[in-house]
Ligand SMILES: NC(=O)c1ccc[n+]([C@@H]2O[C@H](COP(=O)([O-])OP(=O)(O)OC[C@H]3O[C@@H](n4cnc5c(N)ncnc54)[C@H](OP(=O)(O)O)[C@@H]3O)[C@@H](O)[C@H]2O)c1
Ligand SMILES: NC(=O)c1ccc[n+]([C@@H]2O[C@H](COP(=O)([O-])OP(=O)(O)OC[C@H]3O[C@@H](n4cnc5c(N)ncnc54)[C@H](OP(=O)(O)O)[C@@H]3O)[C@@H](O)[C@H]2O)c1
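Residue numbers (full-length UniProt numbering), protein chains in the order written: chain A, 1 to 311; chain B, 1 to 311.
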C-alpha cells in the first residue's frame with residue numbers, strides 16, 4: 001500500500017509549511033507526491049534546516065523570512081514545537097493573506113489555540129490540527145510521504161469556524177492518507193494525555209530510573225534491554241524540546257491522568273506484595289484484548305515484536 | 001544474517017525440552033537447524049500442544065510422559081512458566097539420568113533455583129538459565145530458530161557447580177546464536193526487575209488505566225493509540241500466566257525497583273506542576289543517550305518506529 005497517484009488538479013494554490021522537521025517535511029513530501037498544492041513553500045527558523053530543505057528540494061520555494069513564507073499563502077501550517085507557536089504566529093501575523101487558513105500540528109491543542117488567537121488577525125481562519133503519527137526521529141531528513149497514511153488527524157476548530165475552511169483542511173489531510181476527526185481542544189488534550197503524553201512521560205521516567213540505579217550498572221541495563229526495556233527507550237529518545245513543551249502546555253490533563261496511573265500502580269504493587277495472583281492474572285488478560293482491537297482497526301502491526309528483524 | 005550452517009557432529013547426544021511454547025519450540029527449532037543434538041525430545045503438559053508439536057515435526061520424539069521424556073537425556077531444559085518449575089522437577093526427578101544437566105529458561109532465577117534443588121537428585125548438574133529474548137506471542141507456533149541470535153543468555157549456576165556442565169550448556173546457547181553471561185540468581189533477579197519485569201508491570205498498568213478512564217472512551221484510546229500508547233500494548237499482550245508467575249516469584253526486587261520508579265515519577269510530576277522546563281529537558285536528553293548505546297551494541301534496531309511498516 002502506498003500513497004494514491006497525484007491528483008489531476010491541485011486542491012489548493014499555495015501551501016506554506018513553517019518548521020521543516022519530521023512533521024513539516026512529511027507534509028511537504030506528501031503534498032508533493034500527491035500534487036496537492038500549486039506551489040509549496042517552506043520556512044524554518046534555523047538556517048541549517050533551510051539549507052537542508054533546499055538541498056532536499058523539498059518545496060518549490062524555501063523562503064528566507066516568515067513574511068516571504070506566508071505572502072499569498074492559502075494555507076499555512078505551523079510545524080514547530082508547541083512552545084514556539086505563539087512567536088511564529090506573531091511573526092507571520094502582519095503578512096498573512098485575508099481569508100487564509102492558518103493551521104498547526106502541535107501535540108497540544110488548548111494552549112496552541114490560545115497562542116494563535118492572541119496573535120493572528122480576525123480575517124483568517126484558524127483551524128488547529130494534530131496528526132497522531134510520528135517516529136522518534138526529528139529534522140528534515142526524518143520525514144517521509146507516507147507518515148500520515150492510515151493514521152488519524154484531529155482537527156479542533158474553535159466554535160464558529162467557517163465550515164468551508166475546516167472542509168478544505170480536512171480534504172488536505174485526507175489526500176495525504178489520513179483519517180480526520182474533529183473534537184474540542186479540551187477533549188483532545190485529555191485523550192492525548194492518555195494515548196501519548198503520559199506514556200511518553202512513563203517511558204522517559206523508567207529509562208531515567210534505570211540509569212540511576214546503583215546496584216545495576218548502566219552497561220547491564222543496556223545489555224539486557226531486550227527483556228522489554230528497549231521498547232521504552234524508543235519513546236524516550238524523542239525530541240526533548242518538543243516533549244518539554246508538551247508537558248508544560250498540557251499540565252492539567254497530564255497530572256490528572258498521571259494521578260490515576262500512580263493510584264493503579266500502587267494497587268498493583270500491593271497485589272504483588274500480598275501475592276494476589278488472581279488480580280494480576282485478571283489485569284494481564286484484560287490488557288491483551290486492547291492490543292487485539294488496535295491491531296484489528298489497523299493502528300498496529302500484528303507482526304511479532306513490531307516486526308523487528310530477528311536474523 | 002541467519003544461523004550458521006549445521007555442525008558436522010552434534011554437541012550432545014539427547015536433548016529434551018519440556019514445555020513446547022515460544023521459548024521451548026525456539027530451542028527445538030534452533031537445535032534442529034544447527035544439528036546440535038543426536039536426538040531431540042519434546043514434552044508438554046498439554047495434550048493439544050503435544051499434538052501440535054507432532055504436526056510441526058519439531059522433535060525426533062514427542063514423549064507421552066515426563067518419564068519417557070527425560071529417560072537417557074544428556075540435557076533437559078524446562079521451558080514452562082516459573083510457577084510450574086517445581087512440579088515439573090518433581091515429575092522428572094525419579095527418571096533423570098545420573099550426570100545429566102538440568103536447566104531451565106525461567107525469567108526469575110532465585111525462586112527457580114530453590115524449586116529445582118528441592119526436587120532434583122544430587123547426581124545431576126543443575127545449571128539454571130534465562131535467554132533474554134522473546135516476543136509477545138506464545139505457544140508452539142510462535143517460536144522460531146533465530147530467536148536467540150545476538151541476544152544474551154544468562155546462566156546462574158549455584159556455587160560449586162561442575163564447570164564442565166556449565167561449559168556444555170554455554171556451548172549449546174552459543175551454538176544457537178546467543179551470547180552467554182553468568183551471574184548469581186540474586187543479581188539476575190535485580191537486573192531483570194529493571195530491564196524486564198518492572199517495564200512489563202508499567203505497561204500492563206498504563207493499559208489498564210487507559211481502559212478504566214471514564215472521560216475517554218475505550219474506542220478513542222484504541223483509535224489514537226499511534227501517539228505512543230500502542231508500544232505499551234505489545235508488552236501488555238504477553239502471556240498472563242507467565243507474567244503472574246514472574247511477579248509472584250520476584251516480589252522483592254520488583255517492589256524495590258518499583259519504589260524507585262514511583263519516587264522518580266512523582267518528582268517528574270512535581271516538575272511539570274511547577275513548570276520546571278529545564279529539569280524535564282535534562283532528563284529527556286539523558287534518556288536519548290541510553291537508546292543510542294542499545295542500538296550501538298546491536299540490541300535494538302536503528303530503524304525509525306522499530307521498522308514498523310508505514311505504507
Ligand atoms: N514528532 C512527532 O511524533 C509529532 C507527532 C505529531 C505532532 N507533532 C508536533 O509537530 C510539531 C513539530 O514536531 P517535529 O517532530 O516535526 O519537530 P522537529 O523535527 O524538531 O522540527 C521542528 C522544526 O521547527 C523549527 N523551529 C523551532 N522553532 C521555530 C521558530 N520559532 N520558527 C521557525 N521554525 C522553528 C526547528 O528548528 P530548530 O532545529 O532550529 O529548533 C525544527 O527545524 C510539534 O509541535 C510537535 O508537538 C510531533
Ligand atoms: N515469553 C518470553 O518472552 C520469555 C523470554 C524468556 C524466558 N521466558 C520464560 O520461558 C518459560 C516459558 O515461556 P514461554 O513464553 O515459552 O511460554 P508458553 O509459550 O506459554 O509455553 C509454555 C508451555 O509450557 C506448558 N506447561 C505449563 N505447565 C506445564 C507443566 N507443568 N508441565 C509441562 N508443560 C507445562 C504450557 O502448556 P499449557 O498451554 O497447557 O499451559 C505451554 O505449552 C517461562 O518460564 C518464561 O518465564 C519467556
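Note that CB positions come from ideal geometry on N, CA and C, so glycine has one too.
Note that the structure is a prediction, hence the values are computed from the model and not measured.
> Assuming residue 49 of chain A and residue 20 of chain A make a contact with CB atoms under 8 Å, what is their CB distance in whole Å?
Replying inline: The residue you call residue 49 of chain A lines up with position 49 of the first chain. The residue you call residue 20 of chain A lines up with position 20 of the first chain. With a Cβ gap of about 5 Å, residue 49 of chain A and residue 20 of chain A count as contacting.
> When the Cα atoms are used, what is the spatial distance from residue 106 of chain B to residue 146 of chain A?
Replying inline: In the second chain, the residue the question calls residue 106 of chain B occupies position 106. In the first chain, the residue the question calls residue 146 of chain A occupies position 146. C-alpha separation (whole angstroms): 41 Å.
>> Tell me the rounded alpha-carbon separation between residue 189 of chain A and residue 31 of chain A.
In response: The residue given as residue 189 of chain A occupies position 189 in the first chain. The residue given as residue 31 of chain A occupies position 31 in the first chain. Take the alpha-carbon of residue 189 of chain A and the one of residue 31 of chain A: they are about 27 Å apart.
> To the nearest angstrom, how far is it from the Cα of residue 213 of chain B to the Cα of residue 164 of chain A?
Replying inline: Here residue 213 of chain B refers to the residue found at position 213 of the second chain. Here residue 164 of chain A refers to the residue found at position 164 of the first chain. Roughly 34 Å between the two C-alpha positions.
> Which residues, in chain order, does the segment 65 to 83 of chain A contribute to contact with chain B at a C-beta distance below 9 Å?
Replying inline: Result list: 83.
> What's the gap between the Cα of residue 304 of chain B and the Cα of residue 215 of chain B?
Replying inline: Here residue 304 of chain B refers to the residue found at position 304 of the second chain. Here residue 215 of chain B refers to the residue found at position 215 of the second chain. Approximately 32 Å, taken between the alpha carbons.
>> Let me confirm a value: residue 117 of chain B is counted as buried when at least 16 other C-beta atoms fall within 10 Å, else exposed. Which label applies?
In response: The residue labelled residue 117 of chain B in the question sits at position 117 within the second chain. With fewer than 16 other beta carbons inside 10 angstroms of its own, residue 117 of chain B counts as exposed.
>> Need the endpoints of the beta strand (DSSP E) that residue 130 of chain B sits in, please.
In response: Taking the second chain and counting its residues from 1, the one referred to as residue 130 of chain B is at position 130. Boundaries of the beta strand (DSSP E) harbouring residue 130 of chain B: 129 to 132, taken from the DSSP string.
> Does ligand 1 have even one heavy atom less than 8 Å from the beta-carbon of residue 43 of chain A?
Replying inline: Walking along the first chain from the start, residue 43 of chain A turns up at place 43. Residue 43 of chain A has its Cβ nearer than 8 Å to a heavy atom of ligand 1.
>> For a minimum of 4 consecutive residues, which ranges assigned as the alpha helix (DSSP H) are wholly contained in the segment 76 to 136 of chain B?
In response: If we require 4 residues or more, the alpha helix (DSSP H) runs fully inside the segment 76 to 136 of chain B come out as 85 to 92 and 110 to 119.
>> Helix, strand or coil, according to DSSP, for residue 306 of chain A in the structure here?
In response: Here the question's residue 306 of chain A lines up with position 306 in the first chain. In this structure, residue 306 of chain A counts as helix in the three-state DSSP scheme.
>> Using a Cβ distance threshold of 8 Å, determine whether the segment 231 to 246 of chain A contacts the segment 274 to 286 of chain B, with at least three qualifying pairs required.
In response: Three or more pairs of CB atoms, one per stretch, sit closer than 8 Å, so the segment 231 to 246 of chain A contacts the segment 274 to 286 of chain B.
> For residue 83 of chain B, which residues from the same chain have a beta carbon less than 8 Å from its beta carbon, with the 5 sequence-adjacent residues on both sides left out?
Replying inline: On the second chain, position 83 is the one that residue 83 of chain B refers to. So the qualifying residues of the chain are 241, 244, 245, 248 and 249.
>> For residue 37 of chain A, list the residues DSSP reports as bridge partners.
In response: In the first chain, counting from the first residue as 1, residue 37 of chain A sits at position 37. Residue 37 of chain A pairs with A:12.
> Once you ignore the five residues that flank residue 115 of chain A on each side, which residues in its own chain have a CB closer than 7 Å to its CB?
Replying inline: Stepping through the first chain from its first residue, residue 115 of chain A is reached at position 115. For residue 115 of chain A, where only same-chain residues beyond five positions count, the Cβ hits under 7 Å are 85, 86 and 89.
>> Once the 5 residues before and after residue 23 of chain B are set aside, which same chain residues still bring their CB inside 6 Å of it?
In response: By 1-based counting over the second chain, the position of residue 23 of chain B is 23. Contacts found: 79 and 105.
> Does the segment 118 to 137 of chain A touch the segment 94 to 102 of chain A, meaning 3 or more C-beta pairs lie closer than 8 Å?
Replying inline: Yes, they touch.
> Cβ of residue 156 of chain B versus every heavy atom of ligand 1: is any distance shorter than 8 Å?
Replying inline: Locating residue 156 of chain B in the second chain gives position 156, counting from the first residue. Incorrect: residue 156 of chain B has no Cβ contact closer than 8 Å to ligand 1.
>> Ignoring anything shorter than 4 residues, give me the alpha helix (DSSP H) runs that lie fully in the segment 204 to 292 of chain B, in order along the chain.
In response: If we require 4 residues or more, the alpha helix (DSSP H) runs fully inside the segment 204 to 292 of chain B come out as 218 to 223, 229 to 235, 240 to 249 and 251 to 273.
>> Beta carbons nearer than 9 Å to chain A: which residues of the segment 40 to 53 of chain B have them?
In response: Answer set for the segment 40 to 53 of chain B: empty.
> residue 273 of chain B: buried (16+ other C-beta within 10 angstroms of its C-beta) or exposed?
Replying inline: Stepping through the second chain from its first residue, residue 273 of chain B is reached at position 273. For residue 273 of chain B, the number of other beta carbons within 10 angstroms of its own is below 16, and it is reported as exposed.
> First and last residue of the beta strand (DSSP E) that includes residue 181 of chain A?
Replying inline: As a position in the first chain, residue 181 of chain A is number 181, starting the count at 1. Residues 179 to 182.
>> Suppose only complete runs of 3+ residues qualify. What are the beta strand (DSSP E) ranges in the segment 145 to 194 of chain B, listed by chain order?
In response: Given a length threshold of 3 residues, each whole run of the beta strand (DSSP E) inside the segment 145 to 194 of chain B is given here in chain order: 152 to 155 and 179 to 182.
>> Could you give the first and the last residue of the continuous alpha helix (DSSP H) run that contains residue 66 of chain B?
In response: Taking the second chain and counting its residues from 1, the one referred to as residue 66 of chain B is at position 66. Start and end: 66 to 70.
> Does the beta carbon of residue 4 of chain A come closer than 9 Å to any beta carbon on chain B?
Replying inline: Within the first chain, the letter at position 4 stands for residue 4 of chain A. Output row for residue 4 of chain A: interface = no.
>> On a Cα-Cα basis, can you pick out the residue from B:298, B:251 and B:39 that is closest to residue 178 of chain B?
In response: Within the second chain, residue 178 of chain B is the residue found at index 178, counting from 1. Closest in alpha carbon position to residue 178 of chain B, among B:298, B:251 and B:39, is B:298.
> Under 9 Å, do residue 10 of chain A and residue 38 of chain A count as touching if we go by C-beta distance?
Replying inline: Position 10 of the first chain, counted from the first residue, corresponds to residue 10 of chain A. Position 38 of the first chain, counted from the first residue, corresponds to residue 38 of chain A. In this structure, residue 10 of chain A lies near residue 38 of chain A, with their beta-carbon atoms less than 9 Å apart.
>> Would residue 195 of chain A and residue 221 of chain B qualify as a contact pair, given that the criterion is a beta-carbon distance under 9 Å?
In response: The residue given as residue 195 of chain A occupies position 195 in the first chain. The residue given as residue 221 of chain B occupies position 221 in the second chain. The Cβ atoms of residue 195 of chain A and residue 221 of chain B sit closer than 9 Å to each other.
> Would a C-beta distance cut-off of 9 Å place residue 65 of chain A and residue 109 of chain A closer than the cut-off?
Replying inline: Taking the first chain and counting its residues from 1, the one referred to as residue 65 of chain A is at position 65. Taking the first chain and counting its residues from 1, the one referred to as residue 109 of chain A is at position 109. Taking C-beta atoms as the reference points, residue 65 of chain A and residue 109 of chain A fail to come closer than 9 Å.
>> Under DSSP, the alpha helix (DSSP H) around residue 3 of chain A begins and ends at which residues?
In response: Within the first chain, residue 3 of chain A is the residue found at index 3, counting from 1. Taken as a continuous stretch (DSSP letters only), residue 3 of chain A belongs to no alpha helix (DSSP H), as it is neither H nor E.
>> With a threshold of 9 Å between beta carbons, is residue 32 of chain B in contact with chain A?
In response: The residue labelled residue 32 of chain B in the question sits at position 32 within the second chain. Judged by the 9 Å Cβ criterion, residue 32 of chain B is not in contact with chain A.
> Assuming residue 309 of chain A and residue 301 of chain B make a contact with CB atoms under 8 Å, what is their CB distance in whole Å?
Replying inline: Position 309 of the first chain, counted from the start, is the residue given in the question as residue 309 of chain A. Position 301 of the second chain, counted from the start, is the residue given in the question as residue 301 of chain B. With a contact defined as Cβ atoms closer than 8 Å, residue 309 of chain A and residue 301 of chain B qualify at about 6 Å.
>> Considering just the uninterrupted stretch of the alpha helix (DSSP H) at residue 63 of chain B, what are its terminal residues?
In response: Taking the first residue of the second chain as 1, we reach residue 63 of chain B at position 63. From DSSP, residue 63 of chain B is part of no alpha helix (DSSP H); its letter is neither H nor E.
> Which residues in the same chain as residue 142 of chain A place their Cβ atom closer than 6 Å to its Cβ, once the five residues preceding and following it in sequence are excluded?
Replying inline: Sequence index remark: in the first chain, residue 142 of chain A carries index 142 (1-based). Closer than 6 Å at Cβ, skipping near neighbours: 22.
>> Counting C-beta neighbours from all protein chains within 10 Å, is the total for residue 160 of chain B 16 or more, i.e. buried, or is it exposed?
In response: Taking the second chain and counting its residues from 1, one reaches residue 160 of chain B at position 160. Residue 160 of chain B is exposed by the Cβ-count criterion.
>> Check this for me: beta carbons of residue 140 of chain A and residue 52 of chain A, under 9 Å apart or not?
In response: By 1-based counting over the first chain, the position of residue 140 of chain A is 140. By 1-based counting over the first chain, the position of residue 52 of chain A is 52. The beta carbons of residue 140 of chain A and residue 52 of chain A sit closer together than 9 Å.
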